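Heads up: the structure comes next, in structure tokens.
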Amino acid sequence: MIHRLALSDDILMSVSKPERYIGNEVNAVVKDREKVAVRFAMCFPDVYEIGMSHLGLQILYDMFNSMEDVWCERVFSPWLDLDAVMRREKIPLFALESQDPVKDFDFLGITIQYEMCYTNILQVLDLSGIPLAAKERGEDCPIVVGGGPCTYNPEPLADFFDLFYIGEGETSYKALIELYKECREQGLSRVEFLRRAASVPGIYVPRFYEAAYNEDGTIRSFTPTQEGVPATIRKEIVTDLTDVRYPVKPIVPFIKVTQDRVVLEIQRGCIRGCRFCQAGQIYRPVRERDAKTLKRYALEMLQNTGQEEISLSSLSSSDYSRLPELIDFLIEECSANHTNISLPSLRIDAFSLDVMSKVQDVKKSSLTFAPEAGSQRLRNVINKGLTEEDILRGAALAFEGGWTRVKLYFMLGLPTETEEDIRGIAELANKIAAVFFETVPKEKRTNGKVQIVASTSFFVPKPFTPFQWAAQCTKEEFLDKAYQTRTAITQQLNQKSIKYNWHEADASVMEGVLARGDRRLGQVILNVYRKGGFYDAWSEYYDNDRWLQTMAECGLSPEFYTHRERDVDEILPWDFIDCGVSKEFLKREWEKAKRAEISENCRQKCQGCGAAGFGCGICAERR
Amino acid sequence: MKLRIKFTKHGPVRFIGHLDVMRYFQKAIRRAGIDVTYTTGFSPHQVMSFAAPLGVGLESNGEYMDISVNSLPEAEKEAEAAGESPCACVVRRLNAVGADGLEAVSARILPENAGNAMASVAAAAYTVRFREGREPDADLTAAVGRLLAKERIVITKQTKRGEREIDLRPGIYGLELRDGALHMLLDASSAGNIKPALVVEALLADSGESLARNALLITREDLYTREGDSFRSLGEIGSESADCPAADETQASSFTIDKIGSKSADCPAADEAQASSLARVEISSETASKDGGAS
Numbered sequence: 000m001i002h003r004l005a006l007s008d009d010i011l012m013s014v015s016k017p018e019r020y021i022g023n024e025v026n027a028v029v030k031d032r033e034k035v036a037v038r039f040a041m042c043f044p045d046v047y048e049i050g051m052s053h054l055g056l057q058i059l060y061d062m063f064n065s066m067e068d069v070w071c072e073r074v075f076s077p078w079l080d081l082d083a084v085m086r087r088e089k090i091p092l093f094a095l096e097s098q099d100p101v102k103d104f105d106f107l108g109i110t111i112q113y114e115m116c117y118t119n120i121l122q123v124l125d126l127s128g129i130p131l132a133a134k135e136r137g138e139d140c141p142i143v144v145g146g147g148p149c150t151y152n153p154e155p156l157a158d159f160f161d162l163f164y165i166g167e168g169e170t171s172y173k174a175l176i177e178l179y180k181e182c183r184e185q186g187l188s189r190v191e192f193l194r195r196a197a198s199v200p201g202i203y204v205p206r207f208y209e210a211a212y213n214e215d216g217t218i219r220s221f222t223p224t225q226e227g228v229p230a231t232i233r234k235e236i237v238t239d240l241t242d243v244r245y246p247v248k249p250i251v252p253f254i255k256v257t258q259d260r261v262v263l264e265i266q267r268g269c270i271r272g273c274r275f276c277q278a279g280q281i282y283r284p285v286r287e288r289d290a291k292t293l294k295r296y297a298l299e300m301l302q303n304t305g306q307e308e309i310s311l312s313s314l315s316s317s318d319y320s321r322l323p324e325l326i327d328f329l330i331e332e333c334s335a336n337h338t339n340i341s342l343p344s345l346r347i348d349a350f351s352l353d354v355m356s357k358v359q360d361v362k363k364s365s366l367t368f369a370p371e372a373g374s375q376r377l378r379n380v381i382n383k384g385l386t387e388e389d390i391l392r393g394a395a396l397a398f399e400g401g402w403t404r405v406k407l408y409f410m411l412g413l414p415t416e417t418e419e420d421i422r423g424i425a426e427l428a429n430k431i432a433a434v435f436f437e438t439v440p441k442e443k444r445t446n447g448k449v450q451i452v453a454s455t456s457f458f459v460p461k462p463f464t465p466f467q468w469a470a471q472c473t474k475e476e477f478l479d480k481a482y483q484t485r486t487a488i489t490q491q492l493n494q495k496s497i498k499y500n501w502h503e504a505d506a507s508v509m510e511g512v513l514a515r516g517d518r519r520l521g522q523v524i525l526n527v528y529r530k531g532g533f534y535d536a537w538s539e540y541y542d543n544d545r546w547l548q549t550m551a552e553c554g555l556s557p558e559f560y561t562h563r564e565r566d567v568d569e570i571l572p573w574d575f576i577d578c579g580v581s582k583e584f585l586k587r588e589w590e591k592a593k594r595a596e597i598s599e600n601c602r603q604k605c606q607g608c609g610a611a612g613f614g615c616g617i618c619a620e621r622r
Numbered sequence: 000m001k002l003r004i005k006f007t008k009h010g011p012v013r014f015i016g017h018l019d020v021m022r023y024f025q026k027a028i029r030r031a032g033i034d035v036t037y038t039t040g041f042s043p044h045q046v047m048s049f050a051a052p053l054g055v056g057l058e059s060n061g062e063y064m065d066i067s068v069n070s071l072p073e074a075e076k077e078a079e080a081a082g083e084s085p086c087a088c089v090v091r092r093l094n095a096v097g098a099d100g101l102e103a104v105s106a107r108i109l110p111e112n113a114g115n116a117m118a119s120v121a122a123a124a125y126t127v128r129f130r131e132g133r134e135p136d137a138d139l140t141a142a143v144g145r146l147l148a149k150e151r152i153v154i155t156k157q158t159k160r161g162e163r164e165i166d167l168r169p170g171i172y173g174l175e176l177r178d179g180a181l182h183m184l185l186d187a188s189s190a191g192n193i194k195p196a197l198v199v200e201a202l203l204a205d206s207g208e209s210l211a212r213n214a215l216l217i218t219r220e221d222l223y224t225r226e227g228d229s230f231r232s233l234g235e236i237g238s239e240s241a242d243c244p245a246a247d248e249t250q251a252s253s254f255t256i257d258k259i260g261s262k263s264a265d266c267p268a269a270d271e272a273q274a275s276s277l278a279r280v281e282i283s284s285e286t287a288s289k290d291g292g293a294s
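If you read the sequences in order, they're chains A and B. At position 451 of the first sequence the residue is numbered 450 (numbering that gives the first Met the number 0), and the sequence of numbers has no breaks. At position 222 of the second sequence the residue is numbered 221 (numbering that gives the first Met the number 0), and the sequence of numbers has no breaks.
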């Protein structure tokens, strides 16, 4: 047990949820600090409950700690109340396990999962006493390394990181740590280590690259400034998921976190190729974990944590080939052990409804469809292979099975969207309600009615998707579309059965700026933070005016990054990254999208995206 | 079959709130492989009852939870050879999978007619120290004497509905200053629970001082139930062995309320009586833990 806490009793008694800061959870790893060679602080730059719900963090924590001479600990963003105390009393940010200052670590690894956490990264660096600008860091500072989906366009963050790890963490960290030890033994400088690290597969060292810009603000060139630094960085990938370690002894938080359950990752990647979806492209090719191994993991994790719930994690879980077998196994094991199964979003069909009725209380649970777009035409544009017929058939089956609540997810602002497509959202919701009244005779309607909740979010184009060139809507356009949707819903016959929710537009625009931004945005992020902005992912702390004003001060316009359709020949800030999917493929898909043509999924027909170059997963199976 | 498990809470985990301690034990019981009883339905939960919530920041030597089990663990061969009882096995297994600072110290099988932990709590013993640098100026020995001599100790308590006047005096069953610490036995029933800080505030108010923020280090020593006129540690109820669940061999170590005489300000011996009964409270809790493997 670590008795000495970094925070005094007075502080812990004065802040909300002091459990966030005391470590000592079951399965947290404590090593002898004198006996390890490398200390790695693994940070999720948001509050504890969010960070502890992230599977990637548990995977890397387990991987690093399996290395005998490495001790990996966790760091999260202190909540605002503690943040103020730490600044006032000059208390350095600490890692949970040892309660030692982050500044004393060899590495600070930061997982970057969403754009609106960028200012929290600066909060973490700042509270740690680490200079925000990577180039200003001395030999006593940890090497600051970033990973996660946002590093597929790391450019807005280039100033703040010593290096980025592009791709899946399981493959190259060992080599990076060995290189670090070697350089330290030889007494080499920080910069020399970074120079050598630039040759490790998957490692991008931003300070060794330079961007030049055209007069219109687009990029003229992006090139390495040093000999031996690669011009492109290819993402790292685990070729055989069954061989790789899995965290079967995850940490069990004391407080209720967002994902308060054990998580079984059944596959990586996705066969679907929805054109708006970044994850569906950057995690290609789809690779399944062996079902037999997964069953063993499930039992071990439940035993090691005592958790009362297990969930499956992957993109498009219905596509996992051994899903029925795995779920049958879990239902059998879990009912014997009073364990709940939290199902991932499944394609609604007879199988999934049968499974759902076994693990949920039908009366209380709701059914989720994600058509994403209101009309078949627009669903073809985005390559969402879900037809109205599929949805209505699924809904009818569900209503027969006793469900009365349906959730529908849509996006507004998709490329080529028209008023007709928006009306389609209302009409689809109305048709589903009609199916209920047709399917369920009056005397069988337990609650007397059906409840349909339609939610829309605003579409934000992301790098490495066929829509990476697309124009994003302005805030005004977004709000107008939400208004149109609401109006259309009120005109439906079954409008009383339909509830409509929409997201705020401000943050979606700024998310779009950061998602497709370039290096010049580093100054904006820095200045927003300097003005007191962080926790931007929390709408109550997001200050849109501060962002807009800061962008103007830096001579940058949000419209340049969002509202402009990019030419396919334009150099994009993330072009130097090779995520396996070729630009030619993305261009083809962008053209097909404009013609509302669909593409078959990986299982139906290979589209030649380029991911076959990794020689694994579904691409290898097909041969 | 109902088991009462006594546990302690020390170190960093003292910052874990009551609901999270419950959640912690639900998971620990599963890791330990204890055959706990579940409710039925779509979201089954363990049949579990905690004696009394412990405030965040407090340590404890005597917390209790009652759980229902379908069966007792069958001791592993080695443990059986060492003469380990099923209750001792529960304790050992819980600690093997536990978090540091939350330690099970005993388990007992409750008699069929035993009240559940929460309903039976009547009193709690506390040891209260002042943090360094936050000691009061007042002569505490004298202040304790004066406080106990009062017929009524009326304080204003902030509640959700506003302010309310309450009389602390009837709920102070014992109060004594010994070895630089205040030892208290206070009403901990759901109707009349008194927080130790309230008593210290009353002590200081008497000499015109107020309690500094976060000035106290509080350890809850044990919890008691009322049996007629006497208090009895929750840890003494029940038995280690399933064969004689009604065994009640520890009666002798409980004590009676009328000896404390806390309600009678006329009684000149009140202070002394309290001091001695507090000593006995401590003896009884020690006995309970030493009894651990004996019966």
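By construction, the Cβ of each residue, glycine as well, lies at the ideal position given by its N, Cα and C atoms. In this text, all values refer to a predicted model and were calculated from it rather than measured experimentally.
Residues of its chain near residue i, where Cβ-Cβ distance is below 6 Å and the 5 sequence neighbours each way are ignored
i, result
"P153/A", "F163"
"W70/A", "K30, V35, R38"
"E248/B", "At E248/B, the pLDDT of 43 sits below 50, so the modelled position is not reliable and the matter cannot be decided from this model."
"F533/A", "T118, N119, Q122"
"V14/A", "D80, L81"
"I10/A", "V84"
Residue i in three-state terms, based on DSSP
i, result
"K173/A", "helix"
"Q250/B", "Its pLDDT being 43, under 50, Q250/B is placed unreliably in this model, and the value from its coordinates should be taken loosely. Q250/B: helix per DSSP, three-state reduction."
"D228/B", "coil"
"D125/A", "helix"
"W546/A", "helix"
"C601/A", "coil"
"K461/A", "coil"
"M12/A", "helix"
"K8/B", "strand"
"A5/A", "coil"
"K180/A", "helix"
"N429/A", "helix"
"Y23/B", "helix"
"G146/A", "strand"
Distance CB(residue i)-CB(residue j) smaller than 7 Å
i, j, result
"S317/A", "L342/A", "no"
"F623/A", "T455/A", "As shown, chain A starts at 0 and ends at 622. That puts residue 623/A outside it, with no answer to give."
"A142/B", "D186/B", "no"
"N500/A", "R271/A", "no"
"F559/A", "S507/A", "no"
"F368/A", "E24/A", "no"
"S84/B", "T7/B", "no"
"I623/A", "N382/A", "Coverage of chain A is limited to positions 0 through 622, which leaves residue 623/A absent and any answer about it impossible."
Neighbour flag for residue i against chain E, beta carbons, 7 Å
i, result
"H562/A", "Going by chain labels, chain E is absent from the structure shown, which instead holds the protein chains A and B."
Residue closest to residue i, alpha-carbon to alpha-carbon, out of the options
i, options, result
"S189/B", "G16/B, R29/B, G144/B, P52/B", "P52/B"
"G97/B", "K255/A, R563/A, A27/A, G531/A", "A27/A"
"R274/A", "G609/A, K604/A, L585/A", "L585/A"
"D68/A", "Y296/A, K173/A, P414/A, D103/A", "K173/A"
"A148/B", "G16/B, A121/B, L174/B, R130/B", "L174/B"
Same chain, Cβ closer than 8 Å to residue i, neighbours up to 5 away in sequence not counted
i, result
"Q277/A", "P148, Y151, K461, P462, F463, T464"
"A459/A", "It should be pointed out that residue 459/A corresponds to Val in this sequence rather than to Ala. Once the five neighbours on either side are set aside, the close Cβ partners of V459/A are Q471, S507, E510, G511, A514."
inquiry  = By the 9 Å beta-carbon criterion, what residues does the stretch 300 to 327 of chain A contribute toward chain B?
reply    = The residues in question are L301, Q302, N303, T304, G305, Q306, E307.
task = Could you please tell me which residues of the stretch 15 to 26 of chain A, in chain order, have their CB closer than 9 Å to any CB of chain B?
result = K16, P17, E18, Y20, I21, G22, N23, E24, V25
ask   = Quick one, which residues of the stretch 15 to 31 of chain B are near chain A if we go by CB-CB under 9 Å, in chain order?
value = I15, G16, L18, D19, V20, R22, Y23, Q25, K26, A27, I28, R29, R30, A31
inquiry  = To be precise: take each residue of the stretch 94 to 108 of chain B, compare its Cβ to all Cβ atoms of chain A, and keep it if any distance is under 9 Å. Which residues remain?
reply    = Per Cβ criterion, the list reads V96, G97, A98, D99, G100.
Positions along the stretch 60 to 76 of chain B whose CB lies within less than 8 Å of some CB in chain A = none
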